[in-house]
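**Student:**
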Amino acid sequence: MSAAPTLLLCSETDDLGDLRPAFEQAAAERCPGLRVALWPEVAAGAAEVVALASWFAPLGLPAALPGLRLIASIGAGAEHVLRDPGLPAGVPVTRIVDEQQARGMAEFVLWAALYYHRGLDRVQQQQPRGVWRMPPQRPAAQTRVGVMGLGTMGAEVARCLAGHGFEVHGWSRRGHAIEGVRTWAGDVQLEDFLRPLDIVVSLLPLTEHTRGLCNARWFARLKPGAAFINCGRGEQVVLPDLLEALERGQLGGAVLDVFEHEPLPPVHPLWHTPRLLVTPHMASSVSPEAMARQIVGDTARVLAGLAPVHAVDRARGY
Ligand code: GLV
């Protein structure tokens, strides 16, 4: 008797055990007969694994699962899947696209934009010195916020900021139209997009184009004193360049939610850098139920010979 088709939850960095009940529930509702296993309960070589739901799976694991029909990232980013040089060519890769996650991101970025717009960064610096000084107040329409990356999350963030009254600009590689947002596209427009911004937000995926994008040259293009909010990926920022830009005042402040190595080690100098706020990759996450519904739904589709709904373009990287 052959083993039941199996969806394997797998991460080398995180314990995914808490996700299993949501996946079992989704399997019962959407893909009866699909078993849910947690790596390493099912080892490399197991032919019954039809779907791999992963966050930094061991390199080479997908290639070692001969029955694999779907490789799903359990997050919005798929770079951790695509980093595997041996990824089997014909198997679709998906990532999470979720409205609730996009709304959570919009909340976080709105908070961070207001933090700078209302001068809370300055108030926080004053407090240890007992300084009572109101920061100047101005209408949101006089603060220009730029959003880099206009996918589901970036577009929701841009709309939310515009709805709050900020002057919002959006930049993406290929160009997008969003009502109430001035949009810019491609490398040729990057400099013009960046120059007038008071606050720049990155929601870019990690790709070969965005790795190291925020370097000394990029910081030099910003208006002196601009603030930076990074909710994309840590690898997009050249940290020594960011620290130098902060030191010189070219960068007025930064909120960093993502880091190349997470969790950020307790002794890391970033924890103690003035005008830099470290947040623990908390900007937005998807609920286990929404994640499981989407991934199990895509598994049912591929088992029925259909394409998954949330496929990543491997060449583009998102
Ligand atoms: C989080 O960073 C995600 O990819 O969902």
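Here our numbering is used: the first residue of the sequence shown is 441, the next is one more, and so on. The beta carbon of each residue, even a glycine, is placed where N, CA and C say it ideally should be.
Using 8 Å as the threshold, is the C-beta distance between proline 645 and glutamate 519 below it?
**Tutor:** In this structure, the beta-carbon distance from proline 645 to glutamate 519 falls below 8 Å.
**Student:** Which of the three DSSP states, helix, strand or coil, is assigned to glycine 745?
**Tutor:** Looking at glycine 745 - three-state DSSP - the assignment turns out to be coil, as it is neither helix nor strand.
**Student:** My guess is that valine 742 and arginine 509 are in contact by the Cβ rule of under 8 Å, so how many angstroms apart are they, rounded?
**Tutor:** Yes, they are in contact, since the Cβ atoms of valine 742 and arginine 509 sit about 4 Å apart, within 8 Å.
**Student:** For alanine 751, name the three-state secondary structure that DSSP assigns.
**Tutor:** Looking at alanine 751 - three-state DSSP - the assignment turns out to be strand.
**Student:** So who's on the other strand from histidine 609, going by DSSP bridges?
**Tutor:** Answer is Gly586, Arg622, bridged to histidine 609.
**Student:** Measuring straight from C-alpha to C-alpha, what distance separates glycine 689 and histidine 708?
**Tutor:** 21 Å
**Student:** Phenylalanine 496 to aspartate 454, Cα distance in whole Å?
**Tutor:** Roughly 8 Å separates the two Cα atoms.
**Student:** Quick one: residues in its chain with C-beta nearer than 7 Å to the C-beta of asparagine 655, no 5 flanking neighbours on either side, listed in chain order?
**Tutor:** Val678, Asp681
**Student:** Say the cut is 7 Å; is the CB of glycine 594 nearer than that to a heavy atom of the ligand GLV?
**Tutor:** no
**Student:** Does the ligand GLV have a heavy atom nearer than 7 Å to the CB of alanine 516?
**Tutor:** yes
**Student:** Can you list the beta strand (DSSP E) stretches of 3 or more residues lying completely in the segment 649-712, in chain order?
**Tutor:** 666-670, 691-696
**Student:** With a 10 Å radius around its C-beta and 16 neighbouring C-beta atoms as the bar for buried, classify glutamine 582 as buried or exposed.
**Tutor:** exposed
**Student:** Just to confirm, are leucine 590 and alanine 580 a CB contact at a threshold of 8 Å?
**Tutor:** For the pair leucine 590 and alanine 580, the CB atoms are not nearer than the 8 Å cut-off.
**Student:** Thinking C-alpha only, which one of Pro480, Arg614, Ala468, Glu469 is nearest glycine 457?
**Tutor:** Pro480
**Student:** For arginine 657, does the count of other Cβ atoms within 10 angstroms reach 16, so buried, or fall short, so exposed?
**Tutor:** exposed
**Student:** Going by CA-CA distance only, name the one from Gly757, Glu464, Leu499, Ala504 that's closest to valine 482.
**Tutor:** If we check each option's Cα against that of valine 482, Ala504 comes out closest.
**Student:** Could you pull out every residue in the same chain whose Cβ sits closer than 7 Å to the Cβ of glutamate 702, ignoring the five residues on either side in sequence?
**Tutor:** His721
**Student:** Alpha helix (DSSP H) containing arginine 599: first to last residue?
**Tutor:** 592-603
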